[in-house]
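Undergrad: Going by numbering that gives the first Met the number 0, the first residue of the sequence shown is number 0, and it counts up by one from there. Yeah, the Cβ is synthetic: ideal placement off N, Cα and C, and Gly gets one too. I have a structure I would like to understand better, so I am pasting it below and will then ask my questions one at a time.
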Amino acid sequence: METPDKSSTAIAFVYRGTLVHSTPKEALQILEDALLGVDSEGKIAFIGEGNESQKLSEVFRFSPSAVTQLDQHEFLMPGMIDTHIHASQYSYAGTALDMPLLQWLNNYTFPVESQFKDLEFANKVYTQVVKRTLRNGTTTACYFATIHTDAALLLGQITNDFGQRALVGKVCMDRNDAVQHYRETSQESQDETNRFIKELLNRKYPLVKPVVTPRFAPSCTEALLAQLGATAKNNNLHIQSHISENLEEIKLVKELFPKSESYSDVYHKCNLLTDKTVMAHGCHLSDKELALFRETGAALSHCPNSNFSLCSGLLNVRNVLNHKVKLGLGTDVAGGYSSSMLDAVRRTLDGSKVLTIQDREHKTLTFEEVFRLATLGGSQALSLDEQTGNFQVGKDFDALRVNVAAPGGPIDLIKYEEPQIRLEKFLNLGDDRNIVEVFVAGRKVVPFREA
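Dropping the structure here:
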């Protein structure tokens, strides 16, 4: 329990009931009959025991009658963090999953993404994906947009307006022979990236930041990759891209970058592997490459739905964790057909069990471990763990209020269940109907406010 010295900041609200979250040492920590106070700046002011209500109210100057009591089927958990999602692909999520990665990009993705020069179309898609992910409990999202700067800026505006914490990337690609009208010159990509970064930062959105976004090595020349690495370093920015998603892609990278020792080496030579880098997939990384990730502080985003749907590969998450590489989960819409992080949790567990079927020596992931990956792990992967990811005094209150017994919901409770069982049922069976409230930085963002 955390009860710091008296705060000078006013308390905005207090919850009493069950809290579940992760710490670096504990995959699941359960605090029953806890008090959690949030100050007027949206930060966690204190965490104490329920029977300390009177004492804490005197220290932090709040009325005990103003405390919101969670019922026996409810709990608070940290908001989930989607470390890899293509906002621009949301319109065809749930379809077009009949091809491997490279053909899928050429036949479906690039033609759709080229439409985002139309800001009306972009506004419609981006509004829907932000609302949907928030309803699904995604409080932080790391978004790919498209090559269109103004549409990417619009995505930043929409995430800010709805109150979602986000990293937003204008995609960079100066090599694309499949769809001639959907690529940039190297100079255009550099110039527009700089314009995107400058304009987004100038808007001073409190929770939305730019992320340098080379699509992936096959769609970028080495000159562009190197320039983007310099841009990220000079501006101290996050970086996102893809790596080792499928075998055909890896073969192509070897052909395009014959002087590089590995796929990871391509990015490393261009200063794109840093402690603020998150690379999606990594299904086929060697142990030597994982060691390089550990050395540089770069993170991986595990996107199991996409890896299964496009038949890309099966990431051994246990091996990644054993290498002490930062790892979060991602939906990878629309390669992944679901925009819900609950789906990412379930597919991660499925993938681990498949590996155990193949090798009985494999240590299957527990639901508690995967819960941590979806919350604290994601914040660590995005280097945002000083602000969010779990319930710690001083961090922003990014949280979900979950009711496992929500009326009309997908879960039937036959008897009273302990908090650990309630969490497991929610992760395996729950959906947005069980998510009663969503908070980001202390602001209630779901239910949505009426316009």
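Does tyrosine 89 pass the burial test, meaning 16 or more other C-beta atoms within 10 Å, or should it be called exposed?
TA: Buried, since its Cβ has 16 or more Cβ neighbours within 10 Å.
Undergrad: So if DSSP puts leucine 246 in a beta bridge, which residue, or which two residues, is it bridged to?
TA: The partner list for leucine 246 (beta bridge, DSSP) is empty, contrary to what the question assumes.
Undergrad: Could you tell me which of Ser56, Leu422, Gly441 sits nearest to glutamate 73, measuring between CA atoms?
TA: Nearest C-alpha to glutamate 73: Leu422.
Undergrad: Is DSSP giving proline 110 helix, strand or coil here?
TA: DSSP places proline 110 in helix when its eight states are reduced to three.
Undergrad: Any idea what DSSP makes of leucine 223, helix, strand or coil?
TA: Helix.
Undergrad: Could you give the C-beta distance for threonine 138 and aspartate 397, rounded to a whole number, given that I count them as a contact under 8 Å?
TA: Confirmed, Cβ separation roughly 4 Å.
Undergrad: How far does the beta strand (DSSP E) with proline 205 in it extend, from its first residue to its last?
TA: Counting along the chain, proline 205 falls outside any beta strand (DSSP E), and DSSP gives it neither H nor E.
Undergrad: Where leucine 153 and leucine 236 are concerned, what is the direct C-alpha to C-alpha distance, given to the nearest angstrom?
TA: Cα to Cα, the separation comes out at about 19 Å.
Undergrad: What residues in its chain sit with their C-beta under 8 Å from that of asparagine 34, if we drop five residues either side in the sequence?
TA: Correcting the residue identity first, residue 34 is leucine in this sequence and not asparagine. Taken in chain order, the residues that qualify are Val13, Tyr14, Arg15, Phe45, Ile46, Gly47, Glu48, Gly49, Glu51, Ser52, Leu55, Val66.
Undergrad: State the beta-bridge partners of leucine 30 as determined by DSSP.
TA: Bridge partners of leucine 30: Leu18.
Undergrad: Name the one or two DSSP bridge partners that phenylalanine 143 has.
TA: Phenylalanine 143 pairs with His85, Gly168.
Undergrad: Can you tell which of Tyr266, Lys253, Glu248 has its C-alpha closest to the C-alpha of isoleucine 238?
TA: Comparing Cα positions, the closest option is Tyr266.
Undergrad: So, for threonine 17: in the same chain, excluding its five sequence neighbours on each side, which residues have a beta-carbon less than 6 Å away from its beta-carbon?
TA: Here the set comprises Glu31, Phe74, Pro418.
Undergrad: Quick check for students: name the residue ranges of the beta strand (DSSP E) that lie wholly in the segment 343-413, counting only runs of 3 or more.
TA: Entirely contained in the segment 343-413, the beta strand (DSSP E) runs reaching 3 residues are, in chain order, 398-402.
Undergrad: Might you give, ordered along the chain, the residues of its own chain that have their beta carbon closer than 7 Å to the beta carbon of glycine 393, omitting 5 neighbours on each side?
TA: Lys42, Ile43.
Undergrad: Have a look at Gly312, Ser261, Leu309, Pro303 and flag the residue whose alpha-carbon is nearest the alpha-carbon of phenylalanine 531.
TA: Outside the shown range of the chain (0 to 450) lies residue 531, about which nothing can therefore be said.
Undergrad: Measure the alpha-carbon distance for valine 324 versus alanine 290 and round it to whole angstroms.
TA: Straight-line Cα distance between these residues: approximately 8 Å.
Undergrad: Go to phenylalanine 292, then tell me how far its alpha helix (DSSP H) extends in each direction, as first and last residue.
TA: First-last of the alpha helix (DSSP H) with phenylalanine 292: 286-295.
Undergrad: To the nearest angstrom, report how far apart aspartate 286 and valine 111 are at their CA atoms.
TA: If you take the alpha carbons of aspartate 286 and valine 111, they lie about 36 Å apart.
Undergrad: Evaluate phenylalanine 180 with the Cβ neighbour count: other Cβ atoms within 10 Å of its Cβ, from every protein chain shown; 16 or more gives buried, anything less gives exposed.
TA: Note that residue 180 corresponds to histidine in the displayed sequence, not to phenylalanine. With fewer than 16 Cβ atoms within 10 Å of its Cβ, histidine 180 is classed as exposed.
Undergrad: I'd like the list of long-range same chain contacts for isoleucine 249, defined as Cβ closer than 8 Å, with 5 residues on each side in sequence excluded.
TA: Hits under 8 Å: Ser243, Tyr262, His283.
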